[in-house]
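The sequence shown stops at residue 461 when you use this note's numbering, and every number in between is there. For each residue, glycine too, the CB sits at the ideal point set by N, CA and C. Since the model is a prediction, treat every value here as computed from it, not as a measurement.
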Amino acid sequence: MVHEEMKQDQNLPVKAEAYVYEDKLKNESHGLPEKHFVQRESLITVLFENQHLKTIHHISASLFLGLVVTTIARDYVEKREIVSGFRLIQSGFGKLPIALAGWVLHFCLTCSIYFFFEIWSQVRCKLNIPKSNVRKIWDYTGVAILLGYYIFSFKLAAYIVQTYQLSPASAAIILIEQTRMLMKVHAFVRSNIPKVFKYKEKSDEKLILPTFRHYVYFILVPTLVYRDEYPRTSKVRWRVVATHGLEILAVLIFYSFVMERFLIPQYKDFGIEKFTYAQVFLMFLETSFPGVLYLLSTFYLVLHLVQNFFAEILQFGDRMFYKDWWTSTDFTTWYRTWNVVVHDWLYTYIYKDCYEILFPKNKNIAKVTTFFISAIVHEWILMHMFGFLFPVLFFLFFILSIQFTHLRAPKNSILNILFWMSLSFGPGIMISGYTLEFFARYNNVPPFIEDFDFIFQDLLPVIVISD
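Right under this line is the structure:
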């Protein structure tokens, strides 16, 4: 069947100057362009074929080793122990077995949707009475089951995290994976429902739905856009898998060492000592550097290493998980190139459906809806990860950043430098805000407003205006 026969392409080297960025094709029905999958490596993989550019990777590795050595030396000299970095990893991934069990539970729930959809499709095809009330009731039943899955999926993830008091990293496994699987389910159902609606029982064509094997493959591969087939590589390069796996561990250790070296010493007394507004302002500015480190590390970890790790194991051919976002001079370009995986889903199933179906030809409503849903889900994940609502990301991502999408800038070096300066403040503000709030709660700051357990409750009391 076409759903099980994947394209088997060879792993062909691609020169950086010949890299194919285009991934949208014009729609034959004159709608918006649609996502198109082709065989290609990730851009960083292609760039690192150049030995001069690969040196940047080597420099980063040497800086990482230098940070580790100096931090360990400081620990040994000052405390006569070596715990920095590794202690945070251990505490961050606390109760990991519970998180993994929660992942299995969500995976089983996601797999069950396939069988619900299969039953719904077969029954609907037999109700071959146009505009029948019975068919409408059955359609509404299917919608109710799908909406019930969405709600239950979010509630189950939140329940597991809150009930078992999972550490931030362990909670992230549950929350991010639950969101990813929900997006996969929506993509699968949205892509296959038109086949059911177009089916006519008396016609010669048979209703061909994806097999369960292909459904599971789609759930696992690093894409959120459903297709009946994907380009695939001819073999698994286990050396590449091992390399990516080791680098994933290295980046996690790097996260921890940056936190221990740059953030915890600066913020650990927040809530114990009084800080002036000027001091807090300086702390926010000084966090821009570790903020950029976290931004680059998160990109390299999540969008390059993790995606390529699973793409290699599953022989997934299209590995353009990001584009050349680092050359951006405006936020419009950055949003489209930073995270292609999520952007493709938002474009295909939110923006495109809003523009073509819900609010025809209205780009503004489609854009606002897309940004709002993305910002809400990001904030929901962070809220349950840390155990409190601190909507700085929602403000930066939805309220502020959406205003910059109207601005387009030409490509030149000065604007790229200015863009990087503005980009560095965002992660710095978010990291500072969440770290301050965390230590304010950790140090038992008295509530600022009774029965108001979020939004700066603990942050405000420990800031005083300097004389």
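Quiz item: Does the beta-carbon distance from L487 to Y261 come in below 8 Å?
Solution: The chain is shown only over -5 to 461; residue 487 falls outside these bounds and no answer can be derived.
Quiz prompt | Sequence-distant residues of its chain with Cβ nearer than 7 Å to Y220 (five each side left out) | solution = Here residue 220 corresponds to residue number 226 of the sequence shown, with the count starting at 1. The residues are A181, F182, S185, F212.
Quiz item: Helix or strand or just coil, what does DSSP make of P225?
Solution: Position 231 of the sequence shown holds residue 225. In this structure, P225 counts as strand in the three-state DSSP scheme.
Quiz item: To which residues does DSSP link F264 through a beta bridge?
Solution: The residue labelled residue 264 in the question sits at position 270 within the sequence shown. For F264, which the question treats as bridged, DSSP gives the partners E267.
Quiz item: At what residue ranges does the region 250 to 326 contain a whole run of the alpha helix (DSSP H), taking only runs of 4 or more?
Solution: 258 to 261, 271 to 280, 282 to 292, 301 to 307
Quiz item: Under the rule that 16 or more other beta-carbon atoms within 10 Å means buried, what is V458, buried or exposed?
Solution: Here the question's residue 458 lines up with position 464 in the sequence shown. Reliability of the predicted coordinates at V458 is poor, the pLDDT of 38 falling under 50, and no value is obtained from them.
Quiz item: Pick from S115, T363, H378: whose alpha carbon is nearest that of A152?
Solution: Against the sequence shown, residue 152 aligns to sequence position 158. A152 has its Cα closest to that of H378, out of S115, T363, H378.
Quiz item: Taking the alpha carbon of L240 as the point to measure from, which residue in V334, H337, L295, G422 has its own alpha carbon closest?
Solution: On the sequence shown, residue 240 is found 246 positions in, with the first residue counted as 1. Considering only alpha carbons, the answer is L295.
Practice problem: Count the C-beta pairs between the region 366 to 375 and the region 345 to 356 that are closer than 8 Å, then say yes if the count reaches three, no if not. | Solution: no
Exercise. Measure the C-alpha to C-alpha separation of N438 and A244 and round it to an integer number of angstroms.
Key: If you number the sequence shown from 1, residue 438 lands on position 444. If you number the sequence shown from 1, residue 244 lands on position 250. Taking the straight line joining both Cα atoms gives about 34 Å.
Exercise. For L47, collect the residues of the same chain with a Cβ closer than 6 Å to its Cβ; drop the 5 residues on either side in sequence, then sort them by chain order.
Key: Locating residue 47 in the sequence shown gives position 53, where the first residue counts as 1. Excluding positions up to five away in sequence, the list reads L41.
Quiz item: Hey, V179 and L169 are a contact pair by Cβ (cut 8 Å); roughly how many whole angstroms apart?
Solution: Against the sequence shown, residue 179 aligns to sequence position 185. Against the sequence shown, residue 169 aligns to sequence position 175. That belief does not hold up - the Cβ atoms of V179 and L169 are roughly 16 Å apart, past 8 Å.
Practice problem: Assign R74 to one of three DSSP states: helix, strand, or coil. | Solution: As a position in the sequence shown, residue 74 is number 80, starting the count at 1. Coil.
Self-check item: Three-way DSSP call (helix, strand, coil) for R231 in this model
Solution: Walking along the sequence shown from the start, residue 231 turns up at place 237. Coil at R231, not helix or strand.
Practice problem: Leaving out five residues on either side along the sequence, give the residues of the same chain with a beta carbon under 7 Å from the beta carbon of R255. | Solution: For the purposes of this step, residue 255 is taken as residue 261 along the sequence shown, with counting starting at 1. Here the set comprises L61, T65.
Quiz item: If we count Cβ pairs, one from each stretch, closer than 8 Å, do we get three or more for the region 407 to 427 versus the region 185 to 194?
Solution: no
Quiz item: With a CB to CB cut of under 6 Å and the five nearest residues on each side skipped, what residues in its chain are close to L390?
Solution: Within the sequence shown, numbered from 1, the residue matching residue 390 stands at position 396. The answer, listed in chain order, is G420.
Exercise. Write down the C-beta distance between Y143 and I107 rounded to the nearest angstrom, noting that I regard them as a contact closer than 8 Å.
Key: As a working note, residue 143 is residue 149 in the sequence shown. As a working note, residue 107 is residue 113 in the sequence shown. About 6 Å; that satisfies the 8 Å criterion.
Quiz item: CA-CA distance, V334 and E72?
Solution: One-based indexing of the sequence shown puts residue 334 at position 340. One-based indexing of the sequence shown puts residue 72 at position 78. Using only the alpha carbons, I get a separation of about 45 Å.
Practice problem: Count the other C-beta atoms from every protein chain shown that fall within 10 angstroms of the C-beta of W232, then say buried if there are 16 or more, exposed otherwise. | Solution: In the sequence shown, the residue the question calls residue 232 occupies position 238. Exposed: under 16 other Cβ atoms inside 10 Å.
Practice problem: Just grab the DSSP bridge partners of R34 for me. | Solution: Position 40 of the sequence shown, counted from the first residue, corresponds to residue 34. The partner list for R34 (beta bridge, DSSP) reads D312.
Practice problem: Go to L352, then tell me how far its alpha helix (DSSP H) extends in each direction, as first and last residue. | Solution: Taking the sequence shown and counting its residues from 1, the one referred to as residue 352 is at position 358. Secondary structure note for L352: it is in no alpha helix (DSSP H), with a DSSP letter that is neither H nor E.
Practice problem: Taking all protein chains shown into account, decide if R34 is buried (16 or more other Cβ within 10 angstroms of its Cβ) or exposed. | Solution: Here the question's residue 34 lines up with position 40 in the sequence shown. Buried: at least 16 other Cβ atoms inside 10 Å.
Practice problem: Please report how far the alpha carbon of V386 lies from the alpha carbon of G427, in whole angstroms. | Solution: To locate residue 386, count along the sequence shown from 1; it is residue 392. To locate residue 427, count along the sequence shown from 1; it is residue 433. Between V386 and G427, the C-alpha separation is close to 7 Å.
Quiz item: What are the boundary residues of the alpha helix (DSSP H) that S106 is part of?
Solution: Here the question's residue 106 lines up with position 112 in the sequence shown. For S106, the enclosing alpha helix (DSSP H) covers residues 90 to 120.
Quiz item: What are the start and end residues of the alpha helix (DSSP H) that includes K130?
Solution: Numbered from 1 along the sequence shown, position 136 holds the residue referred to as residue 130. Here the alpha helix (DSSP H) through K130 covers 127 to 157.
Quiz prompt | Minimum C-alpha distance to L82 - residue among M253, K130, I113, Y158 | solution = Sequence index remark: in the sequence shown, residue 82 carries index 88 (1-based). Minimum Cα distance to L82 is reached at M253.
Practice problem: Express the C-alpha separation of L394 and S164 in angstroms, rounding to a whole number. | Solution: Position 170 of the sequence shown, counting from 1, holds the residue named residue 164. Position 400 of the sequence shown, counting from 1, holds the residue named residue 394. Distance between the alpha carbons of S164 and L394: 30 Å.
Self-check item: Element boundaries [alpha helix (DSSP H), containing P188]
Solution: Within the sequence shown, residue 188 is the residue found at index 194, counting from 1. Counting along the chain, the alpha helix (DSSP H) containing P188 begins and ends at 162 to 192.
Practice problem: With a threshold of 16 other CB atoms inside 10 Å of the CB of E199, please say whether the residue is buried or exposed. | Solution: Translated into positions along the sequence shown, residue 199 becomes position 205. Exposed is the call here.
Exercise. Give me the Cα-Cα distance between I266 and A55, rounded to the nearest whole angstrom.
Key: As a first step, residue 266 must be located in the sequence shown, where it is residue number 272. As a first step, residue 55 must be located in the sequence shown, where it is residue number 61. So the two alpha carbons sit approximately 37 Å from each other.
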